[in-house]
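Trainee: Quick one: the structure is below, questions incoming.
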Amino acid sequence: MQNINIKLKKLGKRKIKEINFEIENSIANLKELITEIVKSEVSKFNDKLENPLLVSFLSTKDIEEKAQEGKVSFGENYNQDKAVESEAIENALLAFTDGMFVVFIDNEEIKDLNQNINITEATEVVFLRLTFLTGW
Numbered sequence: 003m004q005n006i007n008i009k010l011k012k013l014g015k016r017k018i019k020e021i022n023f024e025i026e027n028s029i030a031n032l033k034e035l036i037t038e039i040v041k042s043e044v045s046k047f048n049d050k051l052e053n054p055l056l057v058s059f060l061s062t063k064d065i066e067e068k069a070q071e072g073k074v075s076f077g078e079n080y081n082q083d084k085a086v087e088s089e090a091i092e093n094a095l096l097a098f099t100d101g102m103f104v105v106f107i108d109n110e111e112i113k114d115l116n117q118n119i120n121i122t123e124a125t126e127v128v129f130l131r132l133t134f135l136t137g138w
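For what it's worth, my numbering labels the leading residue of the sequence shown as 3, then goes sequentially.
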């Protein structure tokens, strides 16, 4: 079991979200890293559907944070369909190959899904979501 800290950033935004992941399998390349992260997130999503909170509330801090994100809500998911792990992995890998996000490991951009990587607990992993402009 390996603990990895991932930073998620949106292009043009100052806020960086940090998520801690416990990875069960060893990671040899970017494809395996994305696959393990997606598996973890799908599991969390499906668990939330199976075990919903009875009463949710927002603290003042939660309201302020959500207001900065642009939407104040309770985080309810009205779609009760479970995520399909294989489809989610396929979508994430396609999003990478289509250039929807880039990955930096220790300040080096990883451009190929099969590129060998070395992940330790001290490794800095950043996923940068790109924003596309519309119109002219």
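For each residue, glycine too, the CB sits at the ideal point set by N, CA and C.
1. Tell me the start and end of each unbroken alpha helix (DSSP H) in the segment 106-138 that is at least 4 residues and wholly inside, in chain order.
2. Might you give, ordered along the chain, the residues of its own chain that have their beta carbon closer than 6 Å to the beta carbon of glutamine 4, omitting 5 neighbours on each side?
3. Do phenylalanine 98 and leucine 115 come within 9 Å of each other at the CB atom, strictly closer than that value?
4. Given this structure, state the Cα-to-Cα distance separating leucine 32 from leucine 13, to the nearest angstrom.
5. For leucine 35, count neighbouring C-beta atoms within 10 Å of its own C-beta (all shown protein chains included) and say buried if the count is 16 or more, exposed if not.
6. Once you ignore the five residues that flank isoleucine 91 on each side, which residues in its own chain have a CB closer than 6 Å to its CB?
7. Is leucine 60 closer than 9 Å to valine 104 when the C-beta atoms are compared?
8. Let's test the definition: count the other Cβ atoms within 10 Å of the Cβ of isoleucine 18 and tell me whether it reaches 16, buried, or not, exposed.
9. Kindly indicate which residue of Ile119, Arg16, Asn109, Ser45 has the alpha-carbon position closest to the one of phenylalanine 23.
10. Reducing DSSP to helix, strand and coil, say where leucine 51 ends up.
11. Would valine 127 be called buried (16 or more neighbouring beta carbons within 10 Å of its own) or exposed?
12. Looking only at C-alpha atoms, which of Glu43, Gln70, Gln117, Asn118 sits nearest to lysine 15?
13. Do you know offhand how far lysine 193's Cα is from aspartate 64's?
Mentor: For this structure:
1. Qualifying alpha helix (DSSP H) stretches: none in this window.
2. Contacts found: Ile25.
3. Yes. Within cutoff.
4. Whole-angstrom Cα-Cα distance: 21 Å.
5. Result: buried.
6. Excluding its 5 nearest sequence neighbours in each direction, isoleucine 91 has C-beta neighbours in its own chain below 6 Å: Thr37, Val40, listed in chain order.
7. Contact check for valine 104 against leucine 60 fails: the beta carbons are separated by 9 Å or more.
8. By the beta-carbon neighbour count (other beta carbons within 10 angstroms, threshold 16), isoleucine 18 is exposed.
9. Ranking Ile119, Arg16, Asn109, Ser45 by Cα distance to phenylalanine 23 puts Ser45 first.
10. The answer is helix: DSSP assigns leucine 51 an H, G or I state.
11. With at least 16 other beta carbons inside 10 angstroms of its own, valine 127 counts as buried.
12. Measuring from the Cα of lysine 15, the nearest candidate turns out to be Gln70.
13. Look at the range of the chain in this structure, 3 to 138, and you will see that residue 193 is not part of it.
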